[in-house]
Every structure is written in C-alpha cells, then in structure tokens.
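Those letters in the sequence shown? Residues -19 to -1, 1 to 195, by mature numbering (1 follows the signal peptide of the UniProt record, and there is no 0). This report refers to the structure that appears directly beneath it.
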Amino acid sequence: MKLTTILPLVALAATAASAAPTEPTPDPNQVYVKGVSYNGSGCPISPPSAQVVLADDKKSFTVLFDKFIASAGPGIPRTENRKNCQLTVQLHIPGGWQYSIASADFRGWAELDKDVTGRQQSIYYFQGDGRTTTTEMSVNGPIAKNYAIRDEIDFTSQSWSPCGEDRPVNINTSIFVSNTKNPKAGGVLTTDSVDGKIVQKYQFQWKKCPQAKA
C-alpha cells in the first residue's frame, strides 16, 4: 500500500529538509554511482538526455531528463500520448548494507484541458529479482500549473538490493496524457522543475544485512 500526497513545491522542499534520519546509514564516501544507461522514446541516447545525481548524504538520487514530454489533442499523433524511459543505475554499496527506494518525488508542469488526464508511473526492480515496486501520480484537468507529488512506499512493499552485491536497479518511467473523455481537448505533461530539467527524486532507505549464522 502506498500513500500519495500532493504538495506545493515549497512544502515538498520543507518536508524533505525536515525529515530527520532515524536509521543508521553507511559511510557516504563509500556510496557512489558506478554507471548509468538509458533508452526510450522519452530519453533519446543521442544527444544525451538523462542524468543521475547522487545526493551528498547518499540518502537519495535525482534523475534529470531533458526531453520527457507527453501530449494529446486534435492533430497530435497518438505516439505522443505516451513516452517512456528505461533507466539502469548501478550504485556501489559498501559491504554489509542493503537499500530500497522508500519514496519518490515528482515535480513538473501540467497543462490539461477539462476531462484530460495526465499520469506518471515508475516501476523499479533490481536485476535478477522478480519483485517490482511501483510509484505513480496523476493529475486531472482543467489545470495549468506546476505540481509536486510525493509517493510513499509502504515498508512491506519495498524491494531491497541483495547483500554483498552492486546489482543495478532498473527504473522504467512512463508519462501519459489521455483525452479520451474529451477528444476535442488537449494537454501537455512534463516533469520539468524550476531550472528547466525534468526531475524525479528517489529517497533511499538503508538497513544492515543480516548477520550470517555461525
């Protein structure tokens, strides 16, 4: 079960800033991005259109997209209604630790006519693990403003990285715009932030690996 909260941009920043660490975390100097690869209609490889930035405290990473926009309306091809990006991130994790993604922040711009819907969904899983975790948000028109949405993942629904391995995490993100309820209307959905980048921020949760029995 997940809790989705729609917040003003200022409130979202304040919520993140006020979150106090309650669990032990690994040495930040031992956590870093080893590699990133991506592909999809929303993140063309050439020129580069996606980037991963790891926070200094190693409690989150942010995905920045340059060309991730979905739109619908009269004269707009159906291929523009949905865009996706398959992102693979490999982190170096120090021995004895596991991490999961505990929440996702979506920030962007929605300009949707009445009865037009925008939706964003991210599915993440560790390579070789059949378990998946989904975060998502939706906005309904009429609307023309920035949005900020936090999607909390219930602890029991979280997938954890395997102990003792730097196994890549796959993040498959899709954005949709639908005008099926009002075919004469239209809309655009991006996930761009104030600085013009498309932003999704994923919060980590860390835990120590179980001790091997003697």
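Virtual Cβ for every residue (Gly too), placed ideally from N, Cα, C. Keep in mind the model is a prediction, meaning the values are calculated, not measured.
Residue range of the beta strand (DSSP E) that residue i falls in?
i: residue 217; result: Residue numbering for the chain in the displayed model covers -19 to 195; residue 217 lies beyond these limits and cannot be assessed.
i: I156; result: V150 to S159
i: G89; result: W78 to L93
i: E117; result: T114 to N121
i: E133; result: I124 to I134
i: T171; result: G168 to T171
i: I42; result: Ile is not the amino acid found at residue 42; the sequence shown has Phe there. Where F42 is concerned, the enclosing beta strand (DSSP E) stretches over S41 to F46.
i: S52; result: I50 to A53
i: A31; result: A31 to L35
At the level of alpha carbons, what is the spacing between residue i and residue j?
i: G99; j: N10; result: 39 Å
i: T113; j: G21; result: 19 Å
i: A31; j: Q67; result: 11 Å
i: W90; j: Q181; result: 13 Å
i: S140; j: V70; result: 15 Å
i: W78; j: P7; result: 7 Å
i: S84; j: G167; result: 30 Å
i: Q186; j: P55; result: 44 Å
i: M118; j: R88; result: 10 Å
i: V120; j: I50; result: 15 Å
i: Q101; j: C144; result: 31 Å
i: E133; j: T115; result: 10 Å
i: L72; j: A36; result: 12 Å
i: Y80; j: F46; result: 24 Å
i: I124; j: Q192; result: 52 Å
i: S103; j: K188; result: 23 Å
What is the DSSP secondary structure of residue i, reduced to helix, strand or coil?
i: T6; result: coil
i: Q181; result: strand
i: Q101; result: strand
i: Q108; result: coil
i: Q11; result: helix
Any 3 or more C-beta pairs closer than 8 Å across the region 154 to 172 and the region 94 to 101: A contact exists between the region 154 to 172 and the region 94 to 101.
Stretch-stretch touch, CB-based, cutoff 8 Å, three pairs: the region 104 to 123 with the region 143 to 162: yes
Cβ pair count under 8 Å reaching 3, the region 48 to 64 against the region 151 to 158: In the pairwise beta carbon analysis, the region 48 to 64 is classified as touching the region 151 to 158: at least three pairs are separated by under 8 Å.
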